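Here's the structure we're looking at; comments come further down.
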Amino acid sequence: VKGLLSFAPREETQPQLEPVQPPAVRVLQLQTEQAPRSEERHARLQPVQAWTLALEVGGRLAERPVANGQAVPAGRLLLALDPEPFQAEQAAAEAGKREAEAALGLARTELARLQELGEATATKRALDQARAERDRALAQLAGAQARLRQAVYRLA
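So for the sequence shown, our numbering puts the first residue at 353; every next one is plus one.
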C-alpha cells in the first residue's frame, strides 16, 4: 500500500500571485519653440594628440605656412629652412672635392714620373714620399666626397 501511494499523483498547489499595478506615468504636451542656430561658449580645447617637431639640421626659418594648433592634412609643408647656408656648404664641398682630385692627379703624375726614372735615378726615399703623397691625396679625396654627400643630404 505504501508503494502504491508513493506512485499516486499528488496534487500540487500553485502559489497565488498578487496582481501587478502598472506604474504611474506622467504625460507632457510638447510645445515648439525657436532655438538659436549657434551659441557662443567659452572653453579650452585640448588636442587628442600633440606632436613636437624636431629637425635633423639647424637653420634659419624661411617659411612657416602652418600656425600652432591648426589642423594639418597629410603631406602639407610644415616649415622650410633658408637653403642659402646649405647651398654654400654644398658649393664649398664641391670645391674641396675638385681640389682633392687635382692634388691626387698631381701626386699620381709625380709617382709615375719617379717610377719611369727607375730605381737607378730616383731614390727609394723619393719614391716612398711620392707614394705617401698619393695615398694622402686619396684620403683627402675620400674626405671631400664624404663632406659633399653630407652637404647634399643637409640641403635635401
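Ideal Cβ positions, reconstructed from N, Cα and C, are used throughout, including at glycine.
Bear in mind the structure is a predicted one, so any value in this text is a computation, not a measurement.
Local Cβ density within 10 Å of residue i, reported as buried at 16 or more and exposed below that
i      : result
Lys476 : exposed
Arg393 : exposed
Leu380 : exposed
Ala459 : buried
Ala508 : exposed
Ala496 : buried
Those residues which DSSP pairs with residue i across a bridge
i      : result
Glu415 : Ala432
Proximity below 7 angstroms, CB of residue i to CB of residue j
i      : j      : result
Ala503 : Gln422 : no
Leu466 : Ala489 : no
Gly457 : Leu433 : no
Val418 : Val409 : no
Leu405 : Ala452 : no
Simplified DSSP state of residue i, which is helix, strand or coil
i      : result
Leu469 : helix
Val372 : coil
Gln389 : Looking at the sequence shown, residue 389 is not Gln but Arg. Arg389: coil per DSSP, three-state reduction.
Arg378 : coil
Ala535 : Because the chain in this structure spans residues 353 to 508, residue 535 falls outside the shown range and cannot be described.
Thr461 : helix
Arg396 : coil
Ala474 : coil
Beta-carbon contacts of residue i that lie in its chain and below 7 angstroms, excluding the five residues immediately before and after
i      : result
Leu431 : Leu413, Glu415, Arg416
Arg499 : Ala445, Gly448
Gln439 : Leu507
Val400 : none
Ala474 : Leu466
Lys429 : Per the sequence presented here, residue 429 reads as Leu, with Lys not at that position. Excluding sequence neighbours, Leu429 sits near Pro417.
8 angstroms Cβ shell around residue i - same chain, five flanking residues per side excluded
i      : result
Arg485 : Sequence check: residue 485 is Glu here, not Arg. Excluding sequence neighbours, Glu485 sits near Ala459, Glu462, Leu463.
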